[in-house]
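Numbering (the numbering used here), first residue to last: 222 to 472.
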């Protein structure tokens, strides 16, 4: 498995082996889909069979099982999907166009001075949390970016042996080779900060009556699922930021 830019190697393999490729790395089975048709056939036409997520032990040790891409196919996952669709369906997305236009204009004015990640992070923060980013080094954006960067490290297959041999997570930390447990504990603060800090900021803005309409504020106002719903809404919002900002930069 390539450690960096794996999609380049996957594309090369697809030209040789086809759009659906199966790999085995230690005890892990990996299926690589290299076309829209393959993805559509498996995840839309036969979604009931293939919607579950495999456990990624290192990511789970850090607490990432609470974001949508890693959450298993259960009742909570259905709520994640419902909330995401509620906030980002075609009709709902129209509400964000004005803010996107303003941010694009500001980005074009500051293009020479700002980093490449600034515009996507700024737009997604406004849409998701109603938070207006005014600095390319904004602490909320930097905190979220740091969390996503750590996630990228731990999800690369082969980086951590615990992903192939899950029983290792139950061994004492003092044993040789258990450094991954210390690293997971250190990094576990990152997803919590990414989810909690902007979430609490938006709630305070709502309590003060000065919140900018956003994905999060509207879902909280419409929440009829109590504490459980609020917790899932919080992690749905974190998933939206992580997916939106970083896939935009990647594109």
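We treat Cβ as the ideally placed atom computed from N, Cα and C, and that holds for glycine.
Identify which residue in 389, 416, 457, 443 has its Cα closest to the Cα of residue 278. Start at 1 with the first residue of the chain shown, and residue 278 comes out as number 57. Residue 278 has its Cα closest to that of 389, out of 389, 416, 457, 443.
What would DSSP say about residue 244, mapped onto helix, strand or coil? As a first step, residue 244 is located in the chain shown; it is residue number 23 there, counting from the start. Strand at residue 244.
When you compare only the Cα positions, how much space is there between residue 354 and residue 302? By 1-based counting over the chain shown, the position of residue 354 is 133. By 1-based counting over the chain shown, the position of residue 302 is 81. Each residue's alpha carbon lies about 27 Å from the other.
Rounded to whole angstroms, what's the CA-CA distance from residue 264 to residue 463? Just pull it up for me. As a first step, residue 264 is located in the chain shown; it is residue number 43 there, counting from the start. As a first step, residue 463 is located in the chain shown; it is residue number 242 there, counting from the start. When rounded, the distance between both Cα atoms is 21 Å.
Output needed for residue 274: all residues of its chain with C-beta closer than 8 Å, excluding positions within five of it in sequence on either side, in chain order. Taking the first residue of the chain shown as 1, we reach residue 274 at position 53. So the list reads 290, 291, 292, 293, 294, once near-sequence residues are dropped.
Proximity winner among 248, 288, 441, relative to residue 194 (alpha-carbon distances): Absent from the structure is residue 194, since the part of the chain shown begins at 222 and ends at 472.
Based on Cα-Cα distance, which residue from 430, 268, 376, 457 lies nearest to residue 226? Walking along the chain shown from the start, residue 226 turns up at place 5. Of the listed residues, the one whose Cα sits closest to residue 226 is 376.
With a threshold of 8 Å, are at least 3 pairs of Cβ atoms found where one atom belongs to the stretch 439-459 and the other to the stretch 412-430? yes
Rounded straight-line distance, which links the Cα of residue 424 to that of residue 400: Indexing the chain shown from 1 puts residue 400 at position 179. Indexing the chain shown from 1 puts residue 424 at position 203. When only Cα atoms are considered, residue 400 and residue 424 end up about 37 Å apart.
Taking 8 Å as the cut-off, does the stretch 439-453 touch the stretch 402-411 (at least 3 CB pairs, one atom from each stretch)? Two segments are said to touch when three or more pairs of C-beta atoms, one from each, lie closer than 8 Å; by this definition the stretch 402-411 does not touch the stretch 439-453.
Consult DSSP for residue 380 and reduce its assignment to one of helix, strand or coil. For the purposes of this step, residue 380 is identified with residue 159 of the chain shown, where counting begins at 1. The answer is coil: DSSP assigns residue 380 none of H, G, I, E or B.
Helix, strand or coil at residue 470 [DSSP, three-state]: Here residue 470 refers to the residue found at position 249 of the chain shown. Reliability fails at residue 470, whose pLDDT of 39 lies under 50, so the model's placement of it is uncertain and the value that follows must be treated cautiously. The answer is helix: DSSP assigns residue 470 an H, G or I state.
Spatial neighbours of residue 241 in its chain, beta-carbon cut-off 7 Å, leaving aside the 5 residues before and after: As a first step, residue 241 is located in the chain shown; it is residue number 20 there, counting from the start. Result list for residue 241: 252, 254, 259, in chain order.
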